[in-house]
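Structure first, commentary second.
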Amino acid sequence: MQQTATKLPENAYRPLKPGEEYIPVVPDDKIVPEVTPYSLGWGLFYAVLFSMAAAYLGLKIGQVFEAAIPIAILAVGMSVFLKRKNALQENVIIQSIGASSGLIVAGAIFTIPGIYILGLQANFFQIFLSSLFGGCLGILFLIPFRKYFVKDKHGEFPFPEATATTEVLVAGESGGEQAKVLAVAAIVGGIYDFCVSGIGLWKEVVSTQVFRWGQLLSDKIKWVLKINIGAAVTGLGYIIGLRYSLIIACGSFLAWWVLIPALYFIGQYIPIPILGATQLIRDMDPQAIFSNYVRHIGIGGIAAAGLIGIIKSSGIIAGAFKLAFGELFGKKSAEGNGSQRTQRDIKMKWVVVLIFVTLIAIFLFFYWGVVEHNWQHALIGMLIVFVFAFLFTTVSARAIAIVGSNPVSGMTLMTLILSSVLLVQIGLSGERGMLAALIIGGTVCSALAMSGGFITDLKIGYWLGTTPKKQESFKFFGTLFSAAAVGFVILMLYKTYGFGPGGLEAPQASAMAAVIKPLMSGAQAPWLLYLSGAFLAIILNLVGVSPLPIALGMYLPIHLNVPLLVGGLVAHFVGKSSSDAELANRRKERGTLIASGFIAGGAVMGVVSAFILFIGKQLAGEQWSLMQVLGTAHWAESAGAEILGFIMFALLCVYLYWDARRAK
Numbered sequence: 006m007q008q009t010a011t012k013l014p015e016n017a018y019r020p021l022k023p024g025e026e027y028i029p030v031v032p033d034d035k036i037v038p039e040v041t042p043y044s045l046g047w048g049l050f051y052a053v054l055f056s057m058a059a060a061y062l063g064l065k066i067g068q069v070f071e072a073a074i075p076i077a078i079l080a081v082g083m084s085v086f087l088k089r090k091n092a093l094q095e096n097v098i099i100q101s102i103g104a105s106s107g108l109i110v111a112g113a114i115f116t117i118p119g120i121y122i123l124g125l126q127a128n129f130f131q132i133f134l135s136s137l138f139g140g141c142l143g144i145l146f147l148i149p150f151r152k153y154f155v156k157d158k159h160g161e162f163p164f165p166e167a168t169a170t171t172e173v174l175v176a177g178e179s180g181g182e183q184a185k186v187l188a189v190a191a192i193v194g195g196i197y198d199f200c201v202s203g204i205g206l207w208k209e210v211v212s213t214q215v216f217r218w219g220q221l222l223s224d225k226i227k228w229v230l231k232i233n234i235g236a237a238v239t240g241l242g243y244i245i246g247l248r249y250s251l252i253i254a255c256g257s258f259l260a261w262w263v264l265i266p267a268l269y270f271i272g273q274y275i276p277i278p279i280l281g282a283t284q285l286i287r288d289m290d291p292q293a294i295f296s297n298y299v300r301h302i303g304i305g306g307i308a309a310a311g312l313i314g315i316i317k318s319s320g321i322i323a324g325a326f327k328l329a330f331g332e333l334f335g336k337k338s339a340e341g342n343g344s345q346r347t348q349r350d351i352k353m354k355w356v357v358v359l360i361f362v363t364l365i366a367i368f369l370f371f372y373w374g375v376v377e378h379n380w381q382h383a384l385i386g387m388l389i390v391f392v393f394a395f396l397f398t399t400v401s402a403r404a405i406a407i408v409g410s411n412p413v414s415g416m417t418l419m420t421l422i423l424s425s426v427l428l429v430q431i432g433l434s435g436e437r438g439m440l441a442a443l444i445i446g447g448t449v450c451s452a453l454a455m456s457g458g459f460i461t462d463l464k465i466g467y468w469l470g471t472t473p474k475k476q477e478s479f480k481f482f483g484t485l486f487s488a489a490a491v492g493f494v495i496l497m498l499y500k501t502y503g504f505g506p507g508g509l510e511a512p513q514a515s516a517m518a519a520v521i522k523p524l525m526s527g528a529q530a531p532w533l534l535y536l537s538g539a540f541l542a543i544i545l546n547l548v549g550v551s552p553l554p555i556a557l558g559m560y561l562p563i564h565l566n567v568p569l570l571v572g573g574l575v576a577h578f579v580g581k582s583s584s585d586a587e588l589a590n591r592r593k594e595r596g597t598l599i600a601s602g603f604i605a606g607g608a609v610m611g612v613v614s615a616f617i618l619f620i621g622k623q624l625a626g627e628q629w630s631l632m633q634v635l636g637t638a639h640w641a642e643s644a645g646a647e648i649l650g651f652i653m654f655a656l657l658c659v660y661l662y663w664d665a666r667r668a669k
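For the sequence shown, this note's numbering gives the first residue as 6, with consecutive numbering after it.
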């Protein structure tokens with residue numbers, strides 16, 4: 006009985022037929038505990054714990070791990086250990102509150118350490134408030150779009166991370182065969198990924214350059230193919246499916262197999278470095294050409310795709326404003342007593358009021374804490390945060406819904422460049438300008454990370470029957486506690502180690518700082534490359550191709566996108582493995598469970614690997630690694646390990662296909 010009650014409906018992942026309705030695991034008319042002292046307490050505990058751990062590890066060893074799935078696993082394990090009944094909805098709330106940690110961490114460590122790298126200073130309240138206000142804006146801006154992404158587009162977006170987390174929660178609650186399949190897949194995926202990233206038995210990113218013909222192609226025409234052979238990213242590809250994974254991969258193929266060779270062909274005749282590069286184009290490898298030039302085209306494409314999405318969603322936005330206007334001026338709310346529990350959001354009038362209050366708080370924060378009592382500079386800073394956070398909210402949500410990766414660093418980079426140009430125009434430059442730009446960027450970055458990640462929580466709640474209003478309300482608590490924890494950890498790490506050369510590298514923040522410094526002194530940004538990406542997005546939209554997945558493919562490294570395509574191909578072949586439609590569907594569902602296990606196992610072992618590395622460095626010095634202890638460090642970088650990586654990746658894909666076909 007319990008197992009049946011916690012089984013996902015057959016139409017959970019596919020588009021609904023005309024007149025068909027999705028009934029969540031916990032139906033609308035069934036009331037079960039959601040927000041309780043148990044779920045609130047554990048959610049806040051995980052928010053603080055994982056915020057401190059993720060910030061510490063992300064800055065210390067350059068590895069940022071995703072907290073949502075480990076928190077879901079811990080929540081399920083604790084409820085089983087304590088033998089709590091009807092704990093599914095409590096676990097959703099725990100996961101939703103706790104997952105604030107990874108989102109706030111990403112917003113902070115991508116930008117704030119850049120302040121110290123530039124030789125400036127930031128205090129606790131500047132870090133805390135920029136993270137807090139950004140996170141709150143991310144929640145508030147997303148609420149009007151929840152119904153569109155979560156309900157109206159049911160079955161159209163794959164939501165890979167939400168799918169994996171939901172499968173973990175459901176399998177843990179129901180037990181039985183589902184839990185066994187998920188557990189076995191998690192063990193396989195976890196061991197496989199630990200063998201790669203933890204002990205280096207084979208190489209994690211394999212390349213055609215390992216072969217003589219591949220190295221020749223790389224040297225002569227800058228053509229290369231790279232693949233991350235991890236189980237977790239392959240599982241993501243299976244859940245995403247062939248359609249979207251192919252579009253994303255095509256973006257990578259355009260960048261790496263068309264634009265990079267073309268830029269090299271022309272650039273080899275240019276006798277000086279251009280656009281801020283330190284190398285001649287003819288001396289660059291494909292990765293350097295991508296980082297210095299082609300990636301900027303992807304950033305421009307992402308920005309333009311966001312604007313196109315805003316225009317296409319204008320009806321939804323107008324409807325939200327109309328609802329808010331009606332509620333603010335006393336008309337009857339659409340959320341009356343007859344509304345469905347599982348579709349009840351925070352009332353729009355409160356969303357508008359809270360956005361207004363947050364913006365006022367941001368203005369006061371900038372006025373007193375950032376720009377030294379200059380109301381004009383504070384107002385411009387507040388408007389920059391408002392405009393960019395609002396415009397890119399749908400981009401973040403759509404990116405997470407499609408591929409499970411949020412291009413938050415690219416959107417933040419665009420925000421930093423444009424805000425720096427604006428700040429210089431109003432007379433805010435030099436050290437004060439750099440501090441203001443990075444605080445503004447940190448606030449926007451936190452908002453975009455939160456809006457992208459929160460759509461995952463809301464989709465999980467939609468599938469399982471959680472009340473959205475409760476998820477939205479208590480997400481603020483997770484944001485508050487996470488922001489405080491992140492502010493404390495960043496300040497502590499700075500005082501202990503420092504950031505930049507000689508301290509903690511903080512690679513993303515270092516890149517942001519490197520962009521800010523010349524702009525504040527009048528240097529030029531690669532505007533034509535951004536404009537090229539924008540026109541590409543417009544052209545793709547005109548011919549009926551969604552520009553965001555292509556732009557994502559151009560922005561994200563090719564080694565992350567190719568395994569998505571491979572996973573999507575496995576899903577396609579599993580779905581076509583039988584002429585019996587019901588059997589083929591069962592095989593596809595089993596494959597989804599296995600892929601979710603791969604993601605869960607990879608996420609958990611990523612945390613374990615990070616902690617092992619961190620503890621080892623504390624005890625034995627900065628050069629310590631588990632690979633050195635086991636004697637595999639040299640092997641992990643060898644051609645043999647890379648060729649073995651190709652073989653193991655093929656075996657992993659065969660295993661995924663074989664195990665999925667075992668469904669009866």
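Every residue gets a Cβ at the ideal spot worked out from N, C-alpha and C, and that includes glycine.
- Just so you know, the alpha carbons of Trp207 and Ser614 end up roughly 15 Å apart.
- Just measuring C-alpha positions, the residue of Asn566, Met387, Ser630, Ser456 sitting nearest Ser257 is Asn566.
- The alpha carbon of Gly602 has as its nearest neighbour, out of Leu187, Ser478, Leu661, the alpha carbon of Leu187.
- In the displayed model, Ile234 falls within coil according to three-state DSSP, outside both helix and strand.
- If you look at Ser424, you'll find it in the alpha helix (DSSP H) that goes 413-430.
- In the three-state DSSP reduction, Ser212 falls in the strand class (E or B).
- Counting the other CB atoms within 10 Å of its CB gives Ser202 a total of 16 or more, which places it among the buried residues.
- Unbroken alpha helix (DSSP H) stretches of 4 residues or longer found wholly inside the region 503-567: 512-524, 532-547, 552-560, given in chain order.
- If you draw a 10 Å sphere on the C-beta of Pro118, you find 16 or more other C-beta atoms in it, and that means buried.
- Boundaries of the alpha helix (DSSP H) around Ser135: 129-147.
- Boundaries of the alpha helix (DSSP H) harbouring Met439: 435-469, taken from the DSSP string.
- Comparing C-alpha distances from Phe368 to each of Val358, Trp355, His382 shows the shortest one belongs to His382.
- Beyond the five residues adjoining it in sequence on each side, Ile599 comes within less than 7 Å, by CB distance, of Val186, Ala190, Leu661, Asp664, Ala665 in the same chain, given in chain order.
- Put simply, the region 80-90 does not touch the region 473-480. Fewer than three CB pairs are less than 8 Å apart.
- By the criterion of a C-beta distance shorter than 8 Å, Leu251 is surrounded in its chain by Leu570, Gly573, once the five residues flanking it on both sides are discounted.
- Going by C-alpha positions, Ile445 is about 10 Å away from Met439.
- For Ala644 and Cys200, the gap between their C-alpha atoms comes out near 17 Å.
- In this structure, Gly103 and Tyr61 do not form a Cβ contact; the two beta carbons are roughly 17 Å apart against a cut-off of 8 Å.
- Taking 4 residues as the shortest admissible run, the region 60-133 contains the following complete alpha helix (DSSP H) segments, listed from N- to C-terminal end: 73-86, 93-103, 105-114, 118-122.
- Of all alpha-carbon atoms in Pro568, Thr501, Leu421, the one lying nearest the alpha-carbon of Leu524 is that of Leu421.
- In this chain, the alpha helix (DSSP H) harbouring Ala605 covers 586-625.
- Excluding five sequence positions before and after Ile431, the CB atoms of its chain that fall closer than 8 Å to its own CB belong to Gln381, His382, Ile385, given in chain order.
- Between the alpha carbons of Ala111 and Phe55 lies a distance of about 12 Å.
- When Trp262, Ile465, Lys480 are compared, the shortest CA-CA separation from Leu45 is found for Lys480.
- Here the C-alpha atom of Glu436 lies approximately 46 Å from the C-alpha atom of Thr472.
- Counting only unbroken stretches of 3 or more residues, the beta strand (DSSP E) elements lying wholly within the region 211-292 are 231-233, in sequence order.
- For Ser487, the enclosing alpha helix (DSSP H) covers residues 473-501.
- With contacts defined as CB atoms closer than 7 Å, Gly107 and Gly606 fail to qualify as a contacting pair.
- Asn128 counts as exposed, since fewer than 16 other beta carbons sit within 10 angstroms of its beta carbon.
- Measuring C-alpha to C-alpha distances from Leu49 to each of Val408, Phe654, Thr484, Met559 identifies Thr484 as the nearest.
- Between Val211 and Glu647, the C-beta gap is smaller than 7 Å, which places the two residues in contact.
- The C-alpha of Leu87 lies about 32 Å from the C-alpha of Ile244.
- Here Thr170 is buried. Its C-beta has 16 or more other C-beta atoms within 10 Å.
- The criterion of a C-beta distance shorter than 7 Å is not satisfied by Thr347 and Gly508.
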